[in-house]
Each structure stands twice: as C-alpha cells, then as structure tokens.
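Novice: Residue numbers (our numbering): 3 to 982.
What follows is a structure written as structure tokens; I'll ask about it next.
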C-alpha cells in the first residue's frame, strides 16, 4: 500500500524547436523498465514514483533527463542533435558519416522498398540506384533474381556478397522479408568493399534490419492483397488459321496434308492454350512485429507470411519469416543478437507450351486427350501429347529452410577503444521432389489405355542439400576526435568455414502402382557430394578526417583460402581513397552551391569462385578401350587440374563529384569508374594425348587456368530534389542514370571462345559468344542479305570466299544496355501520399529464341505473324518461307532475324495512400493507420515482340536470350500499415 501511495500520474507534451509535436518519443522512468511513447499529438501519460527522473529520447534529438519532483505535468522541447542528424551509412564492419565517405556507397531506404510487393527483395532495387543492374525473368512466382554491380566481370559468379546484420548470407536476399529491412547499403567500388577482400569482387550488399527502441512496446501490422494479370501474350493462330497455315507448310515442304487438318475429328475444337495456362493469381502478404525496450535493453520480433499463386496453372510460392533482434547494455559491456528463420515452399513455374489449337484438352469422357501423328504437318514429329496432363498428375516442389544469425559482444575498454567479438552463421537445407505417376491420355477402342501416350512408368526423383557457413570475427576499433582531427581505426581477424553436402536419387525401373512413392528393390541412380573449405583473414582500416574537410581512408586485407593449392592460398587486397569537402573551407561562400565534394579511390578485390579441390586431378578407371582389335579394361582417364590456380583480382578506380544546391534541396552525385578483372578462371582445351576425359557437348572436363581479363567502364549520375513547397505539400524526386561498357580483353592462350547452349536439339549452333574485343555473351550469327528465289534467307558471305559457313558468323549485338535509368517521385499533401516509380533501359539487344519455337517448330502452335511469311504471292516479307526443313537448321540458324531492340520504359510502381487523421486515430488508440492501393507494371513502352523485355535471370553467357516464355505480371495491390 505504501508503494502504491508513492505512485503518481505524469502527463505532458513533447514538441520540437518549431513547436510541432514529436511522435514516438521514448519516455522512460530512469533506472526502471517503466516507460511509454508519445502519441500522434506528442502527448504521453505515465505513472511514476515520487522523486523519479524521466528520460526523453528520440533519434535525431538530444536526450533529456528531467526530475519530476512535485510536478504532475512535464512538457519538453527536444533539441536537434547535429551529430545524430549527420547522415550515417553502414559500411564494412561499422558505420560512417556520409560526409566522411571517400568510397562509392549507395543507400536505399526501407520506405522505398516496402511500397513494392515482391517475392524477392532484390527485384525492388531495380532502377533505384545507378550502377546496380537487376536481372530477372519477370512475372515468375518466387523468381530467381541476380544483382550485378557495375557489370559482370567474372566467368564464375556475378552475384555480390550479401551481409545481413553482420552475417554472410548463402541465399542472397531471397530469404528476406522486406518489412524487416531498415536500410540497404551497396558498396560499389574497391575502396568501399576491399575490407571484405576475397569475397567482394562483385561488390557488397549490406542489409540492416529493424531494431527495437527504448520505451513502451510498439505493435505494427501490415497486410496486403494483390492479384496478378499478364501484361502481354502474343497472338497465336486459331484452329481455322492453323489448318490453313499447316496445309501451306506441308505444300512448301513436299508433304501431304495432315489428315486432321483436312478431315478433323473435332471440327468445332478451337483451343486457346495460352488462356488455358493462365489462372487467377492472387497474392497475400501479412506481417506483424512488436518492438520496444527499457533503459538497458531493446528487442524487436517479427513474423511474415507471403502466399503467391503463379499466373500459370499448378505453380505457386509461399514464404514464412520469423526474426528476432535484441540488445543489452550495462556499463562498458554490450551484447546483441539477431536470428532469422525463413522457409520457402515453391511449386516451380511452368513455361507456356502452346499446343495445336485443333487439339482438345479433354475427350468426351472428361479425360485428358492426346492426338496421334495425324495432327502434325510432319508425321515424323511424333505424337501430339497433351501438355497439361503431366502437370496435373505430377507432384513437384522445391523447399528451402534458411537460418541466419549473429551474436555480438562488445567491451568499451577506454576512451574510444573497443573490442568486439562476433559469431555469425547461415544454415540452408533444400529439398527437391518430383513424383510422376503412371497415367494415360489416349485410349484404344476396347477401352484399354494406349501406353504410347502419357507416362507408362511410376517414377520418383528426389534431392537434398545442406549448406552451413560460420564466421568468427575479433575486432578492435579506436575512435577519437581531437583538435579538429578525427581517427577511426579498425584491426580485425576473421575465420570462416563452409560445409556443403548433397545427395540425389531417382528411379530407373517402374515403382509399380500409381500411388507407390517408396522403393527398396527397384533399380535407381544415386549421386552424392561432400565438400568443405576454410578462409582465414587479417585486415585493418584507417579513416581520417580533418575538420570534415580533408578525408583519407586506407585498408588492407590478407586472405588465405583452402580452395587453392598450399603455395597459392594467400592474397592481399589493398585500397586507398581520399576526399575533399570543399564547401567546408572558410573561403567557400556561395549562396547557390551549398555542397561541393571531390573524392577518388582505388581498390583491389579478390575472387575464388570455384569449388573446393579444383587443384587436384582425379583419375577414373578401369576404363575399357580397344587396341589392335583387342579389348582391354585396364585403362585410366583423368580430370586434369592445375595447382597453379590463384585468385581472380578486380582492380577498381573511381572518381566522384558531389554537389548540393539551395541548402541541399537539390543534390547531384557523379561517378566515373574503371573496373578491370584479371586472372579470371577460364577453361582450356587439351590434346587427346593428355589422357583427359572428353564429353561431347560438355565443358566439365576442361581444366581451369587463370588467363582471362575483362574490363568495365561507366558513368553514374544521381539527382535528388527534396522540398516542402507549402505547409501541407512535400515533394521528393530522385532520378538516376548510368552507362556501362563491357569488354573481354583476353581469354588466354588455348582458351576457345565461350558459347551459350545450343539453340535446338537439331543443330549445335549457339546464340551467343564470348571472345576478346566484345562484350560477355555477345549475340553471334549470320547477317541476312534478303531472300533467294525459293524464299529462303540468303546468309551473308562476310569473309568473301564464295562459301557460306560458320566462319561467316559475326557479332549481331549484345545484351548490355547502353544506359539504365530510374525516376522515383514521392509527393504528399496533408494526409494523402502518392508514389510513382519509372524505370527503363536503352541500347541493348534481345536474342528472341522463342521465334524458333513460334516460327519454325511446327509441333507447337505459331504466332499469327507467320501468315505474313514469304510465299509465291508475297515477296515483300521479312519472314522466310514456312517449311518443315526450317526445324533442322537452314532458315532457323542463329541470325539477325532473332535480334530485336530490348529497350523499354516502364511504370514500375504507382501507389496512392491515405493516413487517417490524428483525431480519428486517438479515438481508436492507433498511432498510425495508412491504407493504400497501387499497381505494379502499369504500362511498358517497348518494341520487343516477345512476352516481356526482361527475359532471363542469367547474367553471363545467356543474358538477353529469350528461351523461356513467360509473361510479366501486372499486379494490383490493396493494403494497410498500422501501428499502436
């Protein structure tokens, strides 16, 4: 009773220097966990003990302590903290004021990310920062996304290093919940990324997730419902058009008409297979979090659920997220931890298989229907199998569970000297499963199934994989400011281990009954792999500035990797950078120019993009061989490897200019970079006498050597305008623009040009080539000099020797845009807000390989454009004569016929939101409630004839090759953001 008598209620209001209420200020009774936060009007109420002290804190403002005494009302005016207000960005193993940065670092706020609903965080970065290219196959549920920073420059991997709250991520950004993200920093140049050494050759992406704040717990709930529709589907022939077209092709090919085209069994059938593949595709997204803390500790916990139905039948993607972050500080000791668990469940998306429109999907009894060879123009094309039936009967999924986290302990030793211990890790478990039961799609007259149609065998294939990586870091930092001098020093060691194990199994014989999914005595194929690697690192960095005018930074990292032979394991990766904040000079007085900063950097980064044990040759045997007509079985063959393998090295030079006008309402940032990668791992051809194993159409047997080099150069521009135009109207506009030139300087001695996969199973010609003097994955084929008298392409004799063959192929274009750009507009008026985001590319080409399918492969339906092909009555055409011989080569060989302009301009996101007024929020006890509606991919302006100009997630040799038909999604979203 005595304790209760000493309690009293304190109320008050917290405002800023302009007398505006400050929302979410932490009000804490000192020495206890008793606290609250201010509401939308800056008002708070808290029961405290007599004689207590209240602590008021908020980011960007100085913390204030006020003794309660006899007061019952305590009003506070918070003052801005100039040090906190100086924009801080996350860098390797720490943070740094943006004004002190000398490297090229791009920041993306979580406010921009959450306004775009996506199954992968990486796709939301597209067009938001210069020099960062997002490569994806658009519209696919749970699609893979590749981030390429300042151009691809390695023949191994192109993905950057991902670091989430200090832990290295094996799954990129796929496992992240966008609502958990506080900020994303992208380290683009060598000076910024060199502290990560051998893992940073492709740049570094740093993710910081949301943390709790001291005060009363805050609950946030975000939810949205969306539905997806295809942005574009080509026009395909209907049944009548197909019969007319098919008969014309048959006549051009010297074949008889297909019986089903002249005398159809189902004359009324006109199947639109494109529509049959499309399904209603909703997407649900729900996230909830609770965060808060006391005087010495904070916490933040969140859960998330995403359910995306694919636009094609039998496809979907689900993601489940859980994350917890916490921190504790007492005196000179602090402890923090973060852990996230993600489970992804994906039924793989199927590509469009556009069958003949004359084929029904079901027979008269409702069973899946397949047709005989009498449906095809060329009977040798086989059986007209039902393309949907396999998806209906097959049970298939890909499941991945990711666990990533870190624990950090820090000791403040003395006057800016700190020691930090960190243990972080990432565990991934994948499970892929496919069960194909026995089923049939055609029946004989006696009712028995025709076993040539469908799947006569019950089979299973299954694979599992595990990947575990852990890192132990020991860091000593020293931060001191004296007489205008600021020093920030880092000294550290890092030990990393990675383990990988995988196994797969598949049946060879029939399992038996349709529902049997296990086997013990049935023959099968088994494969397994097990590997591990280690990396030991020592590193140091020194940042210095004088009065925030003259800036200098230098770092060095020594890495030792077990992936190389013992004599070549060590690599050194230095960097140095400098900057000059000219506007901080006493003599710099300019009413218009409020900021002028010059900076330059040079850094070297390493790469070991190869599997463990690649320096050890492997012998196989006994292998049978024949000599002088006699058979022997004691032969040996080998996968030869080189012990001279060493680090790939990326050498990056960057020069930057930063300008601010009108008190930084308008800012401009310009960068020019040169990135040269040397000692790239490339594969060489060996003589047959070497004993090396050779496999047809495979590069697996070719040993790696450090021989190639690639150069990327480019300009980057970033312009921002931010202003409060009136009391109620604000605008924030950001425009970015970047250019890139990619060139292969050398492949090395005995290294043959690298090609993409064969276009067709009927011929080995590839669509792209990588060779010196050209961009990686340049398109390669024949020039066309019109038509001959029979309507066939005349391929150009470029070497003028009177013979047209493979030596006449030339570079036809490349998939790398001349420039990328993005424009983000955010406006708010009173309680309304509007976001518009536009993005595009220009100057790149696309190799539309689907033209082979839709013009030359007559086992599928064709696009209506084939009706405009060359014929005896139509010589004014751009399409060659339609005949079955096209399937095997000839007119269908890679040529400029497939090359199209890949430029596009897209409205990537449009969203309108409304924040409920404070008067209403107070009545329902909410701090915030915002409702919104938006649409993604509202429109696209392009001349590309395929489904969508974003055609592939491959960033290397197959980039820009459209061989997987799938439309992009136009997504309509309705949602809310609430906190209380």
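Ideal Cβ positions, reconstructed from N, Cα and C, are used throughout, including at glycine.
What you are looking at is a predicted structure, and each value in this text was computed from that prediction instead of being measured.
Beta-carbon separation of residue 108 and residue 131 under 8 Å?
Specialist: Against a cut-off of 8 Å, the Cβ pair of residue 131 and residue 108 comes out as a contact.
Novice: Excluding five sequence neighbours on each side, which residues of the same chain lie with their C-beta closer than 8 Å to the C-beta of residue 941?
Specialist: Excluding sequence neighbours, residue 941 sits near 908, 909.
Novice: Residue 93 and residue 58: beta carbons closer than 8 Å?
Specialist: It is not a contact, given that the beta carbons lie outside the stated cut-off.
Novice: Note down the Cα distance separating residue 590 from residue 598, rounded to an integer number of angstroms.
Specialist: The alpha-carbon atoms of residue 590 and residue 598 are separated by roughly 9 Å.
Novice: Looking at residue 310: is its Cβ nearer than 8 Å to the Cβ of residue 319?
Specialist: Yes, the Cβ-Cβ distance between residue 310 and residue 319 is below 8 Å.
Novice: Applying the criterion that 16 or more other CB atoms from any shown protein chain within 10 Å of the CB defines a buried residue, is residue 8 buried or exposed?
Specialist: With fewer than 16 other Cβ atoms within 10 Å, it is exposed.
Novice: Going by DSSP, what residue range makes up the alpha helix (DSSP H) through residue 958?
Specialist: Careful: residue 958 lies outside any alpha helix (DSSP H) and carries neither H nor E.
Novice: Along the chain, where does the alpha helix (DSSP H) containing residue 247 start, and where does it finish?
Specialist: Here the alpha helix (DSSP H) through residue 247 covers 241 to 255.
Novice: Measure the alpha-carbon distance for residue 15 versus residue 295 and round it to whole angstroms.
Specialist: Residue 15 and residue 295: Cα-Cα distance of roughly 21 Å.
Novice: Please determine if the region 672 to 686 and the region 149 to 169 are in contact, where contact requires at least 3 C-beta pairs separated by less than 8 Å.
Specialist: The answer is yes - the region 149 to 169 touches the region 672 to 686, with three or more Cβ pairs under 8 Å.
Novice: Grab me the residues of residue 699's own chain with a C-beta within less than 8 Å of its C-beta, minus the 5 sequence neighbours each way, in chain order.
Specialist: Model confidence at residue 699 stands at a pLDDT of 38, short of 50, so the residue's coordinates are unreliable; what they give is reported in the following sentence. Result list for residue 699: 760, 766, in chain order.
Novice: How long is the line joining the alpha carbons of residue 544 and residue 573, rounded to whole angstroms?
Specialist: So the alpha carbons of these two residues sit roughly 20 Å apart.
Novice: Helix or strand or just coil, what does DSSP make of residue 279?
Specialist: Residue 279 falls in the helix class under three-state DSSP.
Novice: Quick check: the Cα distance between residue 706 and residue 446, rounded to an integer number of angstroms?
Specialist: Their Cα atoms are separated by approximately 55 Å.
Novice: Which of helix, strand or coil does DSSP assign to residue 538?
Specialist: Three-state DSSP puts residue 538 in a strand.
Novice: Look up residue 854 in the DSSP assignment and say whether it is helix, strand or coil.
Specialist: DSSP places residue 854 in helix when its eight states are reduced to three.
Novice: So, residue 212 versus residue 338, is the Cβ gap smaller than 8 Å?
Specialist: Not in contact: residue 212 and residue 338 (Cβ atoms no closer than 8 Å).
Novice: Under 8 Å, do residue 44 and residue 68 count as touching if we go by C-beta distance?
Specialist: Cβ atoms of residue 44 and residue 68: not closer than 8 Å.
Novice: On the three-state DSSP scale, how would you describe residue 317?
Specialist: Residue 317: coil per DSSP, three-state reduction.
Novice: Report yes or no: do the region 883 to 890 and the region 819 to 829 share at least 3 C-beta pairs separated by less than 8 Å?
Specialist: No, because fewer than three Cβ pairs between the region 883 to 890 and the region 819 to 829 fall closer than 8 Å, the two stretches do not touch.
Novice: Taking only the alpha-carbon atoms, compute the straight-line gap between residue 218 and residue 293 and give it to the nearest angstrom.
Specialist: Approximately 8 Å, taken between the alpha carbons.
Novice: With the cut-off set at 8 Å, would you say residue 922 and residue 243 are in Cβ contact?
Specialist: No, the Cβ-Cβ distance between residue 922 and residue 243 is not below 8 Å.
Novice: If you measure between the beta carbons of residue 986 and residue 775, is that distance less than 8 Å?
Specialist: With the chain covering only 3 through 982, there is no way to say anything about residue 986.
Novice: Which of the three DSSP states is assigned to residue 72 in this structure?
Specialist: In this structure, residue 72 counts as coil in the three-state DSSP scheme.
Novice: Whole angstroms is fine: what's the gap from residue 103's alpha carbon to residue 659's?
Specialist: Near 12 Å, if we compare the C-alpha coordinates of residue 659 and residue 103.
Novice: Decide if residue 906 is buried, meaning its Cβ has at least 16 other Cβ atoms within 10 Å, or exposed.
Specialist: Label assigned to residue 906: buried.
Novice: The beta strand (DSSP E) with residue 114 in it runs from where to where?
Specialist: Per DSSP, residue 114 belongs to no beta strand (DSSP E); it is in the alpha helix (DSSP H), 112 to 115.
Novice: Please classify residue 444: is it buried, with 16 or more other beta-carbons within 10 angstroms of its beta-carbon, or exposed?
Specialist: Buried, since its Cβ has 16 or more Cβ neighbours within 10 Å.
Novice: Do you know how far the Cα of residue 980 is from the Cα of residue 615?
Specialist: Taking the straight line joining both Cα atoms gives about 53 Å.
Novice: Take the Cβ of residue 2 as the centre, count every other Cβ of all protein chains shown within 10 Å, and call the residue buried at 16 or more, exposed below.
Specialist: Nothing about residue 2 can be read from this structure; the chain reaches only from 3 to 982.
Novice: Which word fits residue 34, buried or exposed, when buried means at least 16 other C-beta atoms lie within 10 angstroms of its C-beta?
Specialist: So residue 34 counts as exposed.
Novice: From 125, 19, 398, 388, pick the residue whose C-alpha is nearest to that of residue 954; which is it?
Specialist: The option with the nearest alpha carbon to residue 954 is 125.
Novice: Excluding the five sequence neighbours on either side, which residues of its own chain have a C-beta within less than 7 Å of the C-beta of residue 487, listed in chain order?
Specialist: 548, listed in sequence order.
Novice: Less than 8 Å between the C-beta atoms of residue 957 and residue 605, yes or no?
Specialist: It is not a contact, given that the beta carbons lie outside the stated cut-off.
Novice: If you draw a straight line from the C-alpha of residue 904 to the C-alpha of residue 366, how long is it?
Specialist: Looking at the two C-alpha atoms, the distance is approximately 45 Å.
Novice: From this set, 31, 272, 41, 720, which residue's C-alpha is nearest residue 298's C-alpha?
Specialist: Among 31, 272, 41, 720, the Cα nearest to that of residue 298 is on 31.
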